[in-house]
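A short write-up of the structure that comes next.
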Amino acid sequence: MSIKDVIVKYIKGDCSLAEKEQLDIWLAQNKKNQDLLDSLMNSKSFEQDIINYNLFDIEEAWTKLAAKINQKEKKVIRFYPHHWFYVASIILVLFSISFLYLKYTSTLKEETLVQLSEGKVLKDSSGEILPATSGAILVKSNGQKVTLEDSFNIEMDGSVVVNDSKISDEELNNESSYYELIVPKAKVIQFTMFDGTKVWVNANSRLKIPTASFKNERRITILSGEAYFEVAKYQNSKFFVQCDKGTIEVLGTKFNVNTSKNNFKTTLVEGSVKLSNGHDEEILTPNSAALLLDNKFKVFKANVYADLAWKNNIFYFNNLSIQRIAKQIEDWYGVKVHISSGVAEYTSTYSGELRRDVPLTEVRKMLEFISGLEVRIDGDNLNINK
Numbered sequence: 004m005s006i007k008d009v010i011v012k013y014i015k016g017d018c019s020l021a022e023k024e025q026l027d028i029w030l031a032q033n034k035k036n037q038d039l040l041d042s043l044m045n046s047k048s049f050e051q052d053i054i055n056y057n058l059f060d061i062e063e064a065w066t067k068l069a070a071k072i073n074q075k076e077k078k079v080i081r082f083y084p085h086h087w088f089y090v091a092s093i094i095l096v097l098f099s100i101s102f103l104y105l106k107y108t109s110t111l112k113e114e115t116l117v118q119l120s121e122g123k124v125l126k127d128s129s130g131e132i133l134p135a136t137s138g139a140i141l142v143k144s145n146g147q148k149v150t151l152e153d154s155f156n157i158e159m160d161g162s163v164v165v166n167d168s169k170i171s172d173e174e175l176n177n178e179s180s181y182y183e184l185i186v187p188k189a190k191v192i193q194f195t196m197f198d199g200t201k202v203w204v205n206a207n208s209r210l211k212i213p214t215a216s217f218k219n220e221r222r223i224t225i226l227s228g229e230a231y232f233e234v235a236k237y238q239n240s241k242f243f244v245q246c247d248k249g250t251i252e253v254l255g256t257k258f259n260v261n262t263s264k265n266n267f268k269t270t271l272v273e274g275s276v277k278l279s280n281g282h283d284e285e286i287l288t289p290n291s292a293a294l295l296l297d298n299k300f301k302v303f304k305a306n307v308y309a310d311l312a313w314k315n316n317i318f319y320f321n322n323l324s325i326q327r328i329a330k331q332i333e334d335w336y337g338v339k340v341h342i343s344s345g346v347a348e349y350t351s352t353y354s355g356e357l358r359r360d361v362p363l364t365e366v367r368k369m370l371e372f373i374s375g376l377e378v379r380i381d382g383d384n385l386n387i388n389k
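Position one of the sequence shown corresponds to residue 4 (the numbering used here), numbered consecutively onward.
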């Protein structure tokens with residue numbers, strides 16, 4: 004294992020005895036190595052942005068950084084084996100400085116935000132793949148990422164409160180400024196607005212939340228994924244949920260919105276909502292749902308149990324294709340599901356029910372039972388064959 008990987012594990016507190024010995028040898032090589040480690044240990048930004056959740060690929064980042072340096076370097080510098088430890092120190096310093104500089108001088112690119120949504124596979128000490136846990140990434144207006152591990156509150160001024168900590172944004176008074184909330188695969192999150200509105204966000208979802216004060220309206224934008232809302236009444240302020248394909252106007256209600264796979268489906272539990280998209284409008288009544296098809300809202304009786312199963316921590320496969328089942332598994336466990344060509348051609352649908360707080364092995368058994376297919380776990384992959 005490279006020394007920079009050992010350093011990251013040491014800062015995280017995950018070092019084995021053998022890795023600690025490797026680190027001690029490196030520290031003894033040069034006093035500057037100890038100084039470097041101390042500076043990294045004291046850098047909250049480095050620990051928060053690089054280490055938490057392994058959301059940033061250190062090897063990939065250094066490869067890109069090194070490539071840029073090499074492009075600008077006019078002369079060839081040769082590194083010899085006995086210089087390796089010194090080179091590692093330079094690499095880490097350049098990496099941390101460059102990353103921190105870029106973080107505060109530019110916002111995150113779209114492809115970076117998508118990569119963050121991928122998250123990572125969670126495993127226990129025996130290698131068992133675990134279900135999703137609470138967590139998300141909050142991206143501030145300057146591009147800074149804040150890792151959230153628990154539910155949070157949005158204050159009237161747009162600031163975010165997590166436990167006893169308050170997160171503010173430099174653009175709180177800018178009406179066009181937003182937080183971006185990224186819930187990766189294998190993560191879910193719940194938050195509460197200043198007015199008492201509660202929002203549950205499913206795995207592999209992205210939302211935009213205003214940082215400015217809420218005046219005549221409250222508005223949340225779902226960029227992708229799924230969320231469940233329990234909207235509270237607040238003075239004369241209207242509540243809107245904005246999606247790529249339409250808008251939901253709310254007046255005190257409970258409803259689910261699913262925008263996965265380019266869909267726009269709204270399921271109403273209580274109250275009333277008005278759907279609009281510039282071409283059509285519909286008002287939903289409780290226990291009904293609407294799906295946008297060819298710019299028209301098709302309203303039908305909702306299967307509330309099925310649509311809210313994710314929020315109630317249940318896998319509920321009700322005549323679903325193997326592809327739709329695979330999507331739920333990928334989002335919840337963070338794994339990649341590979342469906343063989345022979346199986347992908349099937350038009351069969353499958354039904355089953357299982358709690359979502361179980362390891363992937365339990366889902367594998369259930370899926371084999373209801374489908375008669377061969378389902379195998381291979382590393383971070385789930386393979387489905389005839």
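Yeah, the Cβ is synthetic: ideal placement off N, Cα and C, and Gly gets one too.
Treat the numbers as computed from the prediction; the structure is a model and nothing was measured.
key: Simplified DSSP assignment, three categories, for S343   = coil
query = CA-CA distance, C246 and K257?
reply = 17 Å
request  = Provide the residue(s) that pair with E229 in DSSP beta bridges, ordered along the chain.
outcome  = N261
query = Taking DSSP as the reference, what is the three-state secondary structure of V272?
reply = strand
ask   = So what's F194 in DSSP terms, helix, strand or just coil?
value = strand
request  = Excluding the 5 residues preceding and the 5 following L323 in the sequence, name in chain order all residues of the same chain whose CB lies nearer than 7 Å to its CB.
outcome  = T352 and Y353
query = Start and end of the beta strand (DSSP E) containing V366?
reply = Premise fails: V366 lies in the alpha helix (DSSP H), L363 to S374, not in any beta strand (DSSP E).
query = Which class does D399 belong to by DSSP, given the choice of helix, strand or coil?
reply = Residue 399 lies beyond the residue range present for the chain, which begins at 4 and ends at 389; the question has no answer from this structure.
inquiry  = Here's the rule I'm using: 16 or more other beta-carbon atoms within 10 Å means buried, otherwise exposed. How should D360 be labelled?
reply    = exposed
query = Would the beta-carbon of T270 fall within 9 Å of that of D310?
reply = yes
inquiry  = DSSP three-state label for R359, please.
reply    = coil
message = Quick check: what's the CA-CA separation for K268 versus V276?
response = 13 Å
task = My understanding is that L301 touches L294, with C-beta atoms under 8 Å, so please give their C-beta distance in whole angstroms.
result = The question names Leu, but residue 301 in the sequence shown is Lys. Yes, they are in contact, since the Cβ atoms of K301 and L294 sit about 5 Å apart, within 8 Å.
task = Taking the CB atoms as reference points, tell me whether I342 and L370 lie closer together than 9 Å.
result = no
ask   = Could you give the distance in angstroms between the alpha-carbon of S129 and the alpha-carbon of G382?
value = 12 Å
inquiry  = Just to confirm, is the Cβ distance from L385 to A329 under 9 Å?
reply    = yes
key: Residue environment, L210, which counts as buried when at least 16 other CB atoms sit within 10 Å   = buried
ask   = Out of curiosity, what's the CA-to-CA distance linking A347 and C18?
value = 43 Å
message = Residues in the same chain with beta-carbon distance under 7 Å from V272, minus the five sequence neighbours each way, listed in chain order, please.
response = K257, F258, P289 and V307
ask   = To which residues of the same chain is E220 closer than 8 Å at the C-beta, ignoring the five residues directly before and after it?
value = S240, K241, F242 and F243
ask   = Apart from the five residues on each side of it in sequence, which residues of its chain come closer than 7 Å, Cβ to Cβ, to R358?
value = N316 and I317
Where T350 falls, given that 16 or more other Cβ within 10 Å makes a residue buried = exposed
query = Residues in its own chain within less than 7 Å of E365 by CB, not counting five upstream and five downstream?
reply = L357
request  = State buried or exposed for T136, treating a residue as buried only when at least 16 other CB atoms are found within 10 Å of its CB.
outcome  = exposed
inquiry  = Checking 9 Å against the spacing of the C-beta atoms, do V234 and G255 come in under that value?
reply    = yes
query = CA-CA distance, I286 and F197?
reply = 27 Å
query = What does DSSP give as the partner residues of C18 in its beta bridges?
reply = DSSP output for C18 lists no bridge partner at all.
message = What would DSSP say about P84, mapped onto helix, strand or coil?
response = Note that P84 has pLDDT 42, beneath the 50 cutoff, so the model's placement of it is unreliable and the number below is only indicative. Three-state DSSP puts P84 in a helix.
Close beta carbons around T200, own chain, < 6 Å, minus the five adjacent residues each side = V234 and A235
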